[in-house]
Amino acid sequence: MSITADRTGELVSRALDVKGRSLWEDARRRLFRNRAAVVSIITLGAIALMAVFGPLFLAYSYDYIDYSVVSCAPDWWPDPSVLCNAGGSHWFGTDSVGRDLLVRTLYGARVSLAVGLIATLVSLIIGVAYGATAGYLGGRIDELMMRFVDVLYSIPYIFLVIILMVIFNRNFFLLFVAIGAVEWLTMSRIVRGQTLSIKQKEFIEAARASGVNGFGIITRHIVPNVFGPVIVYVTLTVPASILAESFLSFLGLGIQEPLTSWGVLISEGANQMETAPWMLIFPALFMAITLFCFNFIGDGLRDALDPKDR
Amino acid sequence: MLSYAIRRLLGAIPTLFIIITLAFFMMRIAPGGPFDSQRRLPPEIEQNVKAAYNLDKPVYQQYFIYLGKLAHGDLGPSYKNKDFSVNEMIADGLPVSARLGLAAIFLAVLVGLVMGTVAALRQNRASDYSVMFIAMIGITIPTFVMAPILTLVFGVYGVSLFGYDISLPVGGWNGGALRNMILPVIVLALPQIAVIARLTRGSMVEVLHSNYVRTARAKGLSSVQVVLRHALRAAVLPLVSYLGPAIAGILTGSLVVEQIFGIPGIGRYFVQGALNRDYTLVLGVLIYYATFVILLNLLADVLYAILDPRVRYAR
Chain S
5 MSITADRTGE LVSRALDVKG RSLWEDARRR LFRNRAAVVS IITLGAIALM
55 AVFGPLFLAY SYDYIDYSVV SCAPDWWPDP SVLCNAGGSH WFGTDSVGRD
105 LLVRTLYGAR VSLAVGLIAT LVSLIIGVAY GATAGYLGGR IDELMMRFVD
155 VLYSIPYIFL VIILMVIFNR NFFLLFVAIG AVEWLTMSRI VRGQTLSIKQ
205 KEFIEAARAS GVNGFGIITR HIVPNVFGPV IVYVTLTVPA SILAESFLSF
255 LGLGIQEPLT SWGVLISEGA NQMETAPWML IFPALFMAIT LFCFNFIGDG
305 LRDALDPKDR
Chain A
-1 MLSYAIRRLL GAIPTLFIII TLAFFMMRIA PGGPFDSQRR LPPEIEQNVK
49 AAYNLDKPVY QQYFIYLGKL AHGDLGPSYK NKDFSVNEMI ADGLPVSARL
99 GLAAIFLAVL VGLVMGTVAA LRQNRASDYS VMFIAMIGIT IPTFVMAPIL
149 TLVFGVYGVS LFGYDISLPV GGWNGGALRN MILPVIVLAL PQIAVIARLT
199 RGSMVEVLHS NYVRTARAKG LSSVQVVLRH ALRAAVLPLV SYLGPAIAGI
249 LTGSLVVEQI FGIPGIGRYF VQGALNRDYT LVLGVLIYYA TFVILLNLLA
299 DVLYAILDPR VRYAR
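In the order they appear, the protein sequences are chains S and A. Following the numbering used here, the numbering of the first sequence begins with 5 at its first residue and continues without gaps. Following the numbering used here, the numbering of the second sequence begins with -1 at its first residue and continues without gaps.
Structural data, given as structure tokens:
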């Protein structure tokens, strides 16, 4: 008798020692084994740090105009005919009114990354709330809500943003919100689809039986469980938002001078590229690398969270 | 099938109606009007101008007047381009935009399919990785970066290949000459090529592992026949449902491409119209775009049902 009791106790304590692997722990392990994703995370972190702290250490401010060094190539530029002895401290050269391009590229990074994050946050909040509500309520309300999404889907969304930007008169923060407000459609569809399947599970039934109301069920039980597919889509929404902002800025509807974003810089650079290609190359390179990183992280997360691959 | 198509077509009408209504009132909430300029008009003249365009009436009346005209196919006069009606402007620009867009879609589907199929057949080998790398570049480098770079390479610096000068014109339309179309079409198609190649590769890899493909191989068909006759049919399905978003993407891209290459299509009208508060022009172009997207989505759904016998649209 006592032997079996000891045995049971031992088994229990041993079982307690074994650490269970949760879905998230598994996913993290697999994500960190994906080399492209890890490199992307590090690169992205470096760009973000440079964007936040870089301008503090540079000699120029983003709106400091110096007409003696207009459109100067950086000192190491291979084509000597465009050099104009800027003093060696303009590592990326200067723009068409003599502002330092390095500090402007980093400021552009601040704005572009902020747009990406804020717009994604907005789309996340709207999309998750909308999708979870529609999926949970179901029936006629679901049909009506999703029909509305279908209608918005059939508008090429950038046209909506353009009209919104005209209305808001290129307000800085409303630009973020406007982009987010059109990016939520796919998010709400994903969340709704997930909610429909989760809704049938026993633990929702149990929650309802123990008297949790609809709001509680959605926020406490459904939303945490749709997190997997949502986080993958979030990493793809950030670059989409950055692209949307730069697209608008390129058309002259986005960020206004002297503030800048990658889209504004690229647009200026594209105009000058025959005579001053560095004005296009540096911002375009930064933006392309950032978008690359987000896409690799998104792919990596999808592989990491997809149970099919186990 | 036919009844499904008709039902969807009827369903598109309220959708379009909602879009028109939404856009109409959004434009009117915007501060500033089409006749605000630096030089203020004398009040009497301003009154007359506004009356001529019905802008002196309450907004809801303007809305019904607009709808009434629209029902007769009249998109109204352009506020900014005097002497032109929106119909005339769109009739000018639409053939240009349509030609550009269709060429881009065609190129994107063709190249994307080939690239995706090649990648799937050589899965995890060098050609697979290089195709997927090119696809990633196509997705991450936006149209408005790709366009200047290609312009620089092919237009400004000039490129010669085996002694032939293959530099291309970098702007203008020139009545739709082939040489003028090459660069804009490539720029428009590149992002879609990338997405289509990725989609095709994914579905092709899956299909190539399916039982019926193994059967086809087992009965001795050549691998070309297996791919073209059996695998491609099934692999192309996800592509069909992507066609709608692809069209929307190309329409969006055409805003930038038409601007960069100086092409007289309707994409330019939209941006200029929005900046100038040219309400009727913006609405007119938006209506055209929305109709295109809706119709092509519908077409994609019908095509999907035709290609995949498992899909049945009976409810």
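All C-beta atoms in this analysis are idealised placements derived from N, C-alpha and C, irrespective of residue type, glycine included.
Could you please give me the residues that DSSP links to residue i through a beta bridge?
i     : result
S/T98 : S/D104
A/S83 : A/P75
Can you find the residues in the same chain that come closer than 7 Å, C-beta to C-beta, to residue i, ignoring five residues on each side of it along the sequence?
i      : result
S/F96  : P78, L105, L106, T109, W282 and F286
S/A123 : F180, I183, G184, E187 and S245
S/G302 : V236, T239 and L240
S/P233 : I194 and Q198
A/Q121 : V203
A/G247 : P189 and Q190
A/A229 : M202, V205, L206 and V211
Residue i to residue j, Cα distance in whole Å?
i      : j      : result
A/V300 : S/V132 : 30 Å
A/A312 : A/R5   : Unreliable positioning characterises A/A312 in this predicted model, as indicated by a pLDDT of 48, which lies under 50. The coordinate reading is nonetheless provided below. Near 11 Å, if we compare the C-alpha coordinates of A/R5 and A/A312.
A/Y2   : A/A10  : 12 Å
S/I293 : S/A248 : 16 Å
A/Y64  : A/E86  : 17 Å
S/F36  : A/R231 : 37 Å
A/E214 : A/V224 : Note that residue 214 of chain A is Ala in the sequence shown here, rather than Glu. Going from the Cα of A/A214 to the Cα of A/V224 covers about 6 Å.
S/C76  : S/D99  : 7 Å
S/A211 : S/T264 : 50 Å
A/R177 : A/R266 : 21 Å
S/S127 : S/R193 : 12 Å
S/I129 : S/Y140 : 16 Å
A/L249 : A/Y287 : 8 Å
A/A124 : A/A216 : 27 Å
A/I16  : S/Y134 : 20 Å
A/L284 : A/A272 : 11 Å
A/I103 : A/V234 : 15 Å
S/G58  : S/F290 : 14 Å
A/V47  : A/G74  : 15 Å
S/A280 : S/F300 : 31 Å
A/V143 : A/L226 : 36 Å
S/F176 : S/I259 : 7 Å
A/A49  : A/L8   : 36 Å
A/A251 : A/P140 : Just to set this straight, residue 251 of chain A is Gly in the shown sequence, not Ala. Answer to the nearest angstrom: the Cα atoms are 9 Å apart.
A/P376 : S/A288 : For residue 376 of chain A there is no data in the structure shown, the boundaries of chain A being -1 and 313.
A/N295 : S/Y157 : 10 Å
S/R18  : S/F207 : 29 Å
A/P12  : A/A21  : 14 Å
A/T19  : A/N209 : 51 Å
A/K80  : A/H70  : 22 Å
S/R34  : S/W28  : 10 Å
A/T138 : S/A52  : 18 Å
Below 8 Å on the Cβ atoms is my contact criterion, and I expect residue i with residue j to pass it. Report the Cβ-Cβ distance as a whole number of Å.
i      : j      : result
A/Y58  : A/Y77  : Contact flag wrong, Cβ pair sits at about 19 Å.
A/V183 : A/L111 : A/V183 to A/L111, Cβ: 17 Å. No contact.
S/L189 : S/V227 : Contact doesn't hold; Cβ gap of about 18 Å is too wide.
A/L98  : A/L186 : 7 Å
A/I245 : A/V211 : No, A/I245 and A/V211 are not in contact; Cβ-Cβ is about 30 Å, not under 8 Å.
A/V109 : A/I191 : 5 Å
A/L197 : A/L237 : 6 Å
Tell me which residues share the same chain as residue i and place their Cβ nearer than 8 Å to its Cβ, disregarding the 5 neighbours each side in the sequence.
i      : result
S/I235 : L305 and L309
A/K67  : L73 and G74
S/S116 : I246, E249, S250, S265, W266, G267, M291 and T294
S/V56  : R114
S/F296 : S44
Return the chain-ordered list of same chain residues with a C-beta closer than 6 Å to the C-beta of residue i, the five sequence neighbours on each side being excluded.
i      : result
A/L241 : A298
S/L200 : G139
S/L284 : G273, A274 and M277
S/M169 : L257
S/I222 : A136 and Y140
A/Q270 : none
Under 7 Å from any heavy atom of the ligand PLP, does the C-beta of residue i make it?
i      : result
A/P182 : The ligand content of the structure shown is nil, which means the ligand PLP is not present either.
Specify whether the stretch 247 to 260 of chain A and the stretch 89 to 105 of chain A touch according to this definition: at least 3 beta carbon pairs, one from each stretch, less than 8 Å apart. Because the criterion of three Cβ pairs below 8 Å is met, the stretch 247 to 260 of chain A and the stretch 89 to 105 of chain A touch.
On the three-pair Cβ rule with 8 Å, is the stretch 242 to 251 of chain S touching the stretch 56 to 70 of chain S? No: the two stretches stay apart, fewer than three of their Cβ pairs being nearer than 8 Å.
Between the stretch 115 to 124 of chain A and the stretch 193 to 213 of chain A, are three or more C-beta pairs nearer than 8 Å? Contact between the stretch 115 to 124 of chain A and the stretch 193 to 213 of chain A is present, because at least three Cβ pairs lie under 8 Å.
So, does the stretch 141 to 150 of chain S touch the stretch 254 to 268 of chain S, judging by three or more C-beta pairs under 8 Å? Output reads no: the stretch 254 to 268 of chain S does not touch the stretch 141 to 150 of chain S.
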